[in-house]
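Here's the structure we're looking at; comments come further down.
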Amino acid sequence: MYVYEKPDNLLELLECSVTEYPDNPLFGTKNARGSYEWVTYREVGRRVDNMRGGLSALGIDSGDAVGIISDNCVAWAVVAFATQGLGARYVPMYESELLQVWEYIVRDSALKVLFVANRGIYEQVRNLVDSIDSLECIVVIEGQGDDSMAAIEAVGEREPVPALYPGPDDVAILIYTSGTTGEPKGVLLSHGNITSNSRAGLSMFPEIIPGGTSFAILPWAHSFGLTAELIAMISIGGGIGLMHSVSTISSDLALVRPTWIVAVPRVFNKIYEGLWSRMNDRGGLAKKLFVMGLDSAGRKRELAERGRSSLTAHLKLALADRIVFKKIRDGMGGRLMGALTGGAAMNTDIARFFFDIGIPLYNCYGLTEMSPAVAMNASFAYRLGSVGRAIRDVTISIDSSMLDENSGDGEIIAYGPNLMKGYHNKQEETKKVMTEDGGFRTGDRGRLDEDGYLYITGRIKEQYKLENGKFVFPVSLEEEIKLVPFVENAMVCGEGKPYTICLVVPDGEALERYARKEGLPPYPDEPAKSDAVRELIASRIRTALEGKYGKYEIPQKFVFVSEGFTVDNGALTQTMKLKRHVIEKRYRERIESLYHANPG
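Here the sequence shown is numbered in our numbering, starting from 46 and rising by one per residue.
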């Protein structure tokens, strides 16, 4: 039987850091003046104590559920730890979510108290108190009056309640996955699941020490942001600067000056595209130094792999680093030691680029059901292209029995103390994903190399077979296509069909920059309707895929769409994964019409 290391519950983990690092800054929030204001561990600890008393006065007891609809903020963490200090479970929801999803989660989780970010959200959900029996109270975080968060904390300050320390097997949080198919599934994660997983992840990066700072891009309502950032940084007395908005990431980074970032690959893909765009626009000496530095870094790396070195490559890299690369790092705060990326495939060339400019990216792999980390590249042991090796106390096996190809890969099965307690209210669904020996069937396809590094090769549920019997794994194709500068998003489909088709959302801003640079007439407001745009993008996509994928995998026809894939229109999950069934249904007629003609 696994014995969890202490502290083995989230409240005690916070309290240990409050005691050890009382004056360290914990959360930084951007104010109206454009600067960051920080609150300390002591201040947050005091608010958690007050909120615990306030929740107790509202009738929250062990086993109850308290929910929140809010982006990352100080209040999010305060309510979470206060809830868990009463033996209750925390149910986070995203602000940018559909009303019917909020209602489903509130009903399914049997929420008793719901916190909402502002009055606007309150107006949308206030009738749920009348329609859902379990829901007794809605509290507004940014507000005044008896139903405000401030009022609840004031009650708790007057009527303090001692903390109840949960056991490691007690449920800490109920996270609903934004399923790409069907209704959301509530994942029950225990205190031991999260504390053990966070601790194991931190052991992969010994350079992350007390006094470090992260920059919160990922929502804590997602298990990756929760475990890898919020809990990890709190456990070492670190600070967390909160992203103000997606549009201000660059300026916020310079203000927060993080030493570490946890993000999805798309963040770095955008930075990569932006850097190359600026260098191409500037040209001249700056671009020459930039390219020279990258070439020298690549040469130096290749020689190092053969146990050799080059003084010339070293000097060229040092020059480019001092004049160009250092400015890039300074633009990201100047203190970044590295970044952890997950949630999607990390392009190896882009990862290598960031390593070369002095910002190493370490890709990892996990799922909400595993709290979430399964495998991780470490700062002292990494292999580009892989998602690393199994983290401490986790075991990975590969089941090839369901596949009809002799390719050395199969379904990834994971074991460990971070495995969920199950899906809430879905016993049959839980049984489907569990093996007889206590493993979790991830639904992802992968292989292990001779040194135990894991490579993701596809998503078993998302793979499809063409009419000729060949398998296509759309996710890897889509990630490659989205690196084409004029593509905002893409989805590949073709199950049972003679060939693959790709739905493309053009990137209007990138097309506009390209037209200006090439002296071309401006593209129309809806570039998807332009023949010139369609021909340009189709050609670039085919070029990007040739030599990397089989001919049968490369899309032969394209559907260009004007409306982007977003959370608001139901095409994306909160973690930016495609809801394939929604998108295919929306564009079914246009897709089917292409199969009535000969392939182009």
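All C-beta atoms in this analysis are idealised placements derived from N, C-alpha and C, irrespective of residue type, glycine included.
- Task: State the Cα-Cα distance for the pair Pro644 and Phe603, rounded to the nearest angstrom.
- Result: The residue labelled residue 644 in the question sits at position 599 within the sequence shown. The residue labelled residue 603 in the question sits at position 558 within the sequence shown. Confidence is the limiting factor: at Pro644 the pLDDT is only 47, short of 50, which leaves the residue's position unreliable and the question unanswerable from this model.
- Message: Need the endpoints of the beta strand (DSSP E) that Asp191 sits in, please.
- Response: Taking the sequence shown and counting its residues from 1, one reaches residue 191 at position 146. Unbroken run through Asp191: none, as it is neither H nor E.
- Query: My guess is that Thr258 and Pro303 are in contact by the Cβ rule of under 8 Å, so how many angstroms apart are they, rounded?
  - Reply: Position 213 of the sequence shown, counted from the start, is the residue given in the question as residue 258. Position 258 of the sequence shown, counted from the start, is the residue given in the question as residue 303. At roughly 5 Å, the Cβ-Cβ gap stays under 8 Å, so Thr258 and Pro303 are in contact.
- Task: Check each candidate in Ser341, Asp438, Ile220, Gly282 and name the one with the smallest Cα separation from Met249.
- Result: For this step, residue 249 is matched to residue 204 along the sequence shown. The option with the nearest alpha carbon to Met249 is Asp438.
- Contact belief for Cys409 with Ala420 at Cβ below 8 Å, rounded distance in angstroms: Here residue 409 is taken as the residue at index 364 of the sequence shown, counted from 1. Here residue 420 is taken as the residue at index 375 of the sequence shown, counted from 1. 6 Å between Cβ atoms; contact.
- Note the first and the last residue of the continuous alpha helix (DSSP H) segment covering Glu474. Taking the first residue of the sequence shown as 1, we reach residue 474 at position 429. Taken as a continuous stretch (DSSP letters only), the alpha helix (DSSP H) holding Glu474 covers 472-478.
- For the beta strand (DSSP E) that contains Arg492, what are its first and last residues? For the purposes of this step, residue 492 is taken as residue 447 along the sequence shown, with counting starting at 1. 485-493 is the extent of the beta strand (DSSP E) around Arg492.
- State the start and end residues of the unbroken beta strand (DSSP E) segment that holds Phe335. In the sequence shown, the residue the question calls residue 335 occupies position 290. Careful: Phe335 lies outside any beta strand (DSSP E), inside the alpha helix (DSSP H) at 329-350.
- Task: Let me know if Gly99 comes out buried or exposed under the rule of 16 or more other beta-carbons within 10 Å of its beta-carbon.
- Result: Position 54 of the sequence shown, counting from 1, holds the residue named residue 99. When all chains shown are included, Gly99 counts as buried.
- Query: When the distance is taken between beta carbons, is Pro264 closer than 8 Å to Tyr139?
  - Reply: Sequence index remark: in the sequence shown, residue 139 carries index 94 (1-based). Sequence index remark: in the sequence shown, residue 264 carries index 219 (1-based). Contact: yes.
- Task: Compare the beta carbon distance of Leu522 and His236 with 8 Å and say whether it is the shorter of the two.
- Result: Within the sequence shown, residue 522 is the residue found at index 477, counting from 1. Within the sequence shown, residue 236 is the residue found at index 191, counting from 1. No, the Cβ-Cβ distance between Leu522 and His236 is not below 8 Å.
- Task: Under the assumption that Ile373 contacts Ile402 (Cβ atoms under 8 Å), give the Cβ distance between them as a whole number of angstroms.
- Result: Position 328 of the sequence shown, counting from 1, holds the residue named residue 373. Position 357 of the sequence shown, counting from 1, holds the residue named residue 402. Yes, Ile373 and Ile402 are in contact; Cβ-Cβ is about 6 Å, under 8 Å.
- Query: So what's Gly645 in DSSP terms, helix, strand or just coil?
  - Reply: Position 600 of the sequence shown holds residue 645. Unreliable positioning characterises Gly645 in this predicted model, as indicated by a pLDDT of 45, which lies under 50. The coordinate reading is nonetheless provided below. If DSSP states are grouped into helix, strand and coil, Gly645 belongs with coil.
- So, are the CB atoms of Thr440 and Tyr468 less than 8 Å apart? The count along the sequence shown starts at 1 and reaches residue 440 at position 395. The count along the sequence shown starts at 1 and reaches residue 468 at position 423. Not a contact, by the Cβ cut-off of 8 Å.
- Query: Gly595: buried (16+ other C-beta within 10 angstroms of its C-beta) or exposed?
  - Reply: Here residue 595 refers to the residue found at position 550 when the sequence shown is read from its first residue. Result: exposed.
- Query: First and last residue of the beta strand (DSSP E) that includes Pro137?
  - Reply: Translated into the one-based positions of the sequence shown, residue 137 becomes position 92. Start and end: 134-138.
- Query: When DSSP labels each residue in this structure, what does Asp106 get in the three-state scheme?
  - Reply: Working through the sequence shown from its first residue, we reach residue 106 at position 61. In this structure, Asp106 counts as coil in the three-state DSSP scheme.
- Proximity below 8 Å, CB of Gly73 to CB of Leu287: Taking the sequence shown and counting its residues from 1, one reaches residue 73 at position 28. Taking the sequence shown and counting its residues from 1, one reaches residue 287 at position 242. Contact: yes.
- Message: Rounded to the nearest angstrom, what separates Ala196 and Met324 at their Cα positions?
- Response: The residue given as residue 196 occupies position 151 in the sequence shown. The residue given as residue 324 occupies position 279 in the sequence shown. Each residue's alpha carbon lies about 53 Å from the other.
- If you compare alpha carbons, which of Val170, Ala342, Gln129, Lys624 is closest to Gln145? Within the sequence shown, the letter at position 100 stands for residue 145. Gln145 has its Cα closest to that of Val170, out of Val170, Ala342, Gln129, Lys624.
- Go ahead and label Asn392 buried or exposed: buried means 16 or more other beta carbons lie within 10 angstroms of its beta carbon, across all protein chains shown. In the sequence shown, counting from the first residue as 1, residue 392 sits at position 347. Burial call: buried.
- Mind checking which residues open and close the beta strand (DSSP E) that includes Val520? The residue you call residue 520 lines up with position 475 of the sequence shown. First-last for Val520: 519-526, but that is the alpha helix (DSSP H), not the beta strand (DSSP E).
- Enumerated in chain order, which unbroken segments of the alpha helix (DSSP H) with a length of 4 residues or greater are wholly contained in the segment 355-400? 356-365, 371-376
- When the Cβ atoms of the segment 512-521 are set against those of the segment 602-617, are three or more pairs found closer than 8 Å? no
- Query: Would Ala120 pass as a contact of Met46 if the rule is Cβ separation under 8 Å?
  - Reply: Along the sequence shown, read from residue 1 onward, the residue named residue 120 stands at position 75. Along the sequence shown, read from residue 1 onward, the residue named residue 46 stands at position 1. No; because the gap between Cβ atoms is not below 8 Å, this pair is not in contact.
- DSSP state of Asp576, grouped into three classes? One-based indexing of the sequence shown puts residue 576 at position 531. Note: Asp576 maps to helix in three-state DSSP.
- Would you identify the three-state DSSP class for Ala162, choosing helix, strand or coil? Counting from 1 along the sequence shown, the entry for residue 162 is found at position 117. Coil.
- Pairing CB atoms from the segment 382-401 with CB atoms from the segment 303-312, are three or more of them under 8 Å? yes
- Just the C-alpha distance for Met337 and Ala363, rounded to the nearest angstrom, thanks. Position 292 of the sequence shown, counted from the first residue, corresponds to residue 337. Position 318 of the sequence shown, counted from the first residue, corresponds to residue 363. Those two C-alpha atoms are separated by around 11 Å.
- Local conformation of Val174 per DSSP, three classes: Position 129 of the sequence shown, counted from the first residue, corresponds to residue 174. Of the three classes helix, strand and coil, the one that applies to Val174 here is helix, per DSSP.
- Since Gly188 contacts Arg164 with CB under 8 Å, what's their CB separation in whole angstroms? Reading the sequence shown from its first residue, position 143 is the one you call residue 188. Reading the sequence shown from its first residue, position 119 is the one you call residue 164. The pair is a contact, with the Cβ atoms about 6 Å apart (cut-off 8 Å).
- Please specify which runs of the alpha helix (DSSP H), each continuous and at least 4 residues long, are wholly inside the segment 204-249, giving them in chain order. 236-247
- Query: So does Gly283 have its beta carbon nearer than 7 Å to some heavy atom of the ligand PLP?
  - Reply: Questions concerning the ligand PLP fall outside what the structure shown contains, since it holds no ligand whatsoever.
- Task: Assuming Gly411 contacts Asn422 (C-beta within less than 8 Å), just tell me the rounded distance between them.
- Result: As a working note, residue 411 is residue 366 in the sequence shown. As a working note, residue 422 is residue 377 in the sequence shown. Actually they do not touch by this definition, with Cβ atoms about 12 Å apart.
- Query: Which one of Ile436, Leu300, Val161 has the shortest CA to CA distance from Lys78?
  - Reply: Mapped onto the sequence shown, residue 78 falls at position 33. Reading off the sequence, residue 78 comes out as Arg, not Lys. Selected option, being the one with the closest Cα: Leu300.
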